[in-house]
């Protein structure tokens, strides 16, 4: 067997919810970086690059997030390692991909650098390398995890109304959901807990605020959580 | 930033169900390889090593499985990439870990090489590198996936009795399950479908055979399934 030691890179898919006109959660979008050298000079790509000698994999992904958006990671998880033989034209590159989820208030505070632009997650141009496939996979995982974990929480504050939670699900799934069905499903899943608080404002019957059931894990890293946090 | 290009390795956690005395699924075990050089000379480790110049990541993991057990992969999935700074004493190594699941009949046919031995998954010695942590994480993922996917199928034939399915769950979870509760839960999950067949044998009331609902995915690679198969 001829051994190969590929170049290792870390890339990060940064999903954010923009705000709709009325301040509610809007569409799912992500920042991309325009490449300024070959291969794929001029094409848009996921933020990423080599690993620093003194940082772990999650550390490199957190740096991607900071350098691209000025934000510090609150939700960051390893997605998948991509290593097909032909994914980079010149040299062999294996990319370990993380994903970050960014709340609307964090996205408001983001300051994107030169050569960075936000794109709608479901309407991307042809990206460099296999990055379209990577985003497609990240979207699939996000939508799958929405069904069995409290991942939508990463897009919300500590407390939220059922309408806000439904808007997050609608943005991630890319389709409208029936409010009554949604309420029934989410309440029967025991994923959220009603608080005694209600949304403040001048309304006659302000809606109740909910919080996530903390016994359901936000990320499913299991025994890895501490190791990841330390790297 | 000082860049670093770590050495890349692929390692594979190979979970098999041994047979109990009566031929039913028994305990969960995995093959380990004794290291014959530093670091960790003489310690047991997960099968693995460098990637071949002409193989993908899953291809390298499949080769690990073949070289260690003589088996060809039927269930093989990427688990996680481990890249903590201090996980290898001499040089920096990032390991992309796969897991393979092996049925009892496949395990019967396995031929392990020199320096390979089967160990009970819940009673391992101190392994080389961070391999104890990797196995702990793989066990956690296996147990978690058991709850929401048809992963137990990877340890069973096309059809099986409810008792056989329960024995697989018991082996993976490492605890006895109440047969009546198990039957209720598995039937309400719609994960399995009753066939018209019954177990052959001389019994008065042979138990009914079930099969998994094919609309529930075995692996959750989503859009990646084809890419992985091709690599």
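Chains as they are written, first to last, in the numbering used here: chain A, 1 to 231; chain B, 232 to 462.
Every residue, glycine too, gets a C-beta built ideally from N, C-alpha and C.
query: residue 96 of chain A CB to nearest chain B CB: under 8 Å?
result: Indexing the first chain from 1 puts residue 96 of chain A at position 96. So, interface residue.
message: Can you tell me whether residue 53 of chain A is buried or exposed? The criterion is at least 16 other CB atoms within 10 Å of its CB, across all chains shown.
response: The residue given as residue 53 of chain A occupies position 53 in the first chain. Under this definition residue 53 of chain A is an exposed residue.
- request: Determine the DSSP secondary structure at residue 427 of chain B, reduced to helix, strand or coil.
  value: Along the second chain, read from residue 1 onward, the residue named residue 427 of chain B stands at position 196. In the structure shown, residue 427 of chain B sits in a strand (DSSP, three-state: E or B).
field: residue 319 of chain B: contacting residues in chain A (beta-carbon distance under 9 Å)
entry: Position 88 of the second chain holds residue 319 of chain B. Near residue 319 of chain B there are no residues of chain A at all, since even the closest Cβ is about 13 Å away, more than 9 Å.
- prompt: Along chain B, which residues have their Cβ under 7 Å away from the Cβ of residue 233 of chain A?
  reply: Outside the displayed span of chain A (1 to 231) sits residue 233 of chain A, for which this structure offers no information.
- prompt: Between which two residues does the beta strand (DSSP E) containing residue 249 of chain B stretch?
  reply: Translated into positions along the second chain, residue 249 of chain B becomes position 18. Going by DSSP, residue 249 of chain B is part of the beta strand (DSSP E) stretching over 238-250.
- prompt: What residues in its chain sit with their C-beta under 8 Å from that of residue 6 of chain A, if we drop five residues either side in the sequence?
  reply: For the purposes of this step, residue 6 of chain A is taken as residue 6 along the first chain, with counting starting at 1. If we look at residue 6 of chain A and ignore the five residues flanking it on each side, its Cβ neighbours are 83, 91, 92, 93 and 94.
message: By alpha-carbon positions, which one of A:125, A:152, A:121 and A:163 ends up nearest to residue 137 of chain A?
response: As a working mapping, residue 137 of chain A is identified with position 137 in the first chain. Looking at the Cα atoms, A:121 is the closest of the given residues.
query: So which of B:265, B:296 and B:444 has the shortest CA-CA distance to residue 381 of chain B?
result: Translated into positions along the second chain, residue 381 of chain B becomes position 150. Looking only at B:265, B:296 and B:444, the smallest Cα-Cα distance to residue 381 of chain B is reached by B:444.
Test: residue 11 of chain A CB closer than 8 Å to a CB of chain B: By one-based count along the first chain, residue 11 of chain A stands at place 11. The Cβ of residue 11 of chain A sits no closer than 8 Å to any Cβ of chain B.
Beta strand (DSSP E) segment containing residue 350 of chain B, residue limits: Within the second chain, numbered from 1, the residue matching residue 350 of chain B stands at position 119. Residue range 347-351 is occupied by the beta strand (DSSP E) that includes residue 350 of chain B.
message: Against chain B, with Cβ distances strictly below 8 Å, would residue 126 of chain A count as a contact?
response: Residue numbering aside, residue 126 of chain A sits at position 126 when the first chain is read from its first letter. No - not a single Cβ of chain B is within 8 Å of the one on residue 126 of chain A.
field: Close-in-space but distant-in-sequence residues of the same chain around residue 461 of chain B (CB under 6 Å, 5 per side omitted)
entry: For the purposes of this step, residue 461 of chain B is taken as residue 230 along the second chain, with counting starting at 1. Residue confidence for residue 461 of chain B is low, a pLDDT of 34 falling below 50, so the modelled location carries little weight; the figure read from the coordinates is stated next. Excluding sequence neighbours, residue 461 of chain B sits near nothing in its chain.
- prompt: Does the beta-carbon of residue 435 of chain B have 16 or more other beta-carbons within 10 angstroms, so that it is buried, or is it exposed?
  reply: As a working mapping, residue 435 of chain B is identified with position 204 in the second chain. That one is exposed.
query: Using the beta-carbon count (16 or more within 10 Å), is residue 344 of chain B buried or exposed?
result: Along the second chain, one-based indexing puts residue 344 of chain B at 113. Looking at its Cβ environment, which holds fewer than 16 other Cβ atoms inside 10 Å, residue 344 of chain B is exposed.
- request: State the Cα-Cα distance for the pair residue 252 of chain B and residue 394 of chain B, rounded to the nearest angstrom.
  value: The residue labelled residue 252 of chain B in the question sits at position 21 within the second chain. The residue labelled residue 394 of chain B in the question sits at position 163 within the second chain. So the alpha carbons of these two residues sit roughly 15 Å apart.
query: Quick one, are the C-beta atoms of residue 385 of chain B and residue 306 of chain B less than 8 Å apart?
result: The count along the second chain starts at 1 and reaches residue 385 of chain B at position 154. The count along the second chain starts at 1 and reaches residue 306 of chain B at position 75. Between residue 385 of chain B and residue 306 of chain B, the C-beta spacing is below 8 Å.
query: When the cut-off is 8 Å and only beta carbons count, does residue 419 of chain B lie next to chain A?
result: Within the second chain, residue 419 of chain B is the residue found at index 188, counting from 1. So no, residue 419 of chain B is outside the interface.
- prompt: Which one or two residues does DSSP pair with residue 88 of chain A in a beta bridge?
  reply: In the first chain, counting from the first residue as 1, residue 88 of chain A sits at position 88. Answer by DSSP bridge pairing: none, since residue 88 of chain A is not bridged.
query: Listing by chain order, which chain B residues have their CB less than 7 Å from the CB of residue 7 of chain A?
result: Translated into the one-based positions of the first chain, residue 7 of chain A becomes position 7. Here the neighbours are 236.
task: Indicate whether residue 161 of chain A and residue 127 of chain A have their beta-carbon atoms separated by less than 8 Å.
output: On the first chain, position 161 is the one that residue 161 of chain A refers to. On the first chain, position 127 is the one that residue 127 of chain A refers to. With respect to residue 127 of chain A, residue 161 of chain A sits apart: the two C-beta atoms are not nearer than 8 Å.
task: Starting from the Cα of residue 301 of chain B, find the closest Cα among B:333, B:356, B:350 and B:375 and give me that residue.
output: To locate residue 301 of chain B, count along the second chain from 1; it is residue 70. For the residues B:333, B:356, B:350 and B:375, the minimum Cα distance to residue 301 of chain B belongs to B:333.
- prompt: By a C-beta neighbour count over all protein chains shown, 10 Å radius and 16 as the cutoff for buried, is residue 233 of chain A buried or exposed?
  reply: Here chain A comprises residues numbered 1 to 231, so residue 233 of chain A is not present and cannot be evaluated.
- request: Output the residue ranges of the beta strand (DSSP E) runs that lie fully inside the region 253-303 of chain B and measure 3 residues or longer, sorted by chain position.
  value: Counting only runs that start and end inside the region 253-303 of chain B, the beta strand (DSSP E) elements of at least 3 residues fall at 256-265.
query: Is the beta carbon of residue 18 of chain A sitting closer than 8 Å to the one on residue 152 of chain A?
result: Locating residue 18 of chain A in the first chain gives position 18, counting from the first residue. Locating residue 152 of chain A in the first chain gives position 152, counting from the first residue. At a Cβ-Cβ threshold of 8 Å, residue 18 of chain A and residue 152 of chain A do not count as neighbours.
Interface flag, residue 174 of chain A vs chain B, CB-CB below 8 Å: Here residue 174 of chain A is taken as the residue at index 174 of the first chain, counted from 1. It does not: the Cβ of residue 174 of chain A has no partner Cβ on chain B nearer than 8 Å.
- prompt: residue 233 of chain B touches chain A at which residues, Cβ-Cβ below 8 Å?
  reply: Locating residue 233 of chain B in the second chain gives position 2, where the first residue counts as 1. Per Cβ cutoff of 8 Å: 52, 53 and 54.
task: Check the Cβ-Cβ distances between residue 142 of chain A and every residue of chain B, and say whether any is below 8 Å.
output: Counted from its first residue, the first chain places residue 142 of chain A at position 142. It does not: the Cβ of residue 142 of chain A has no partner Cβ on chain B nearer than 8 Å.
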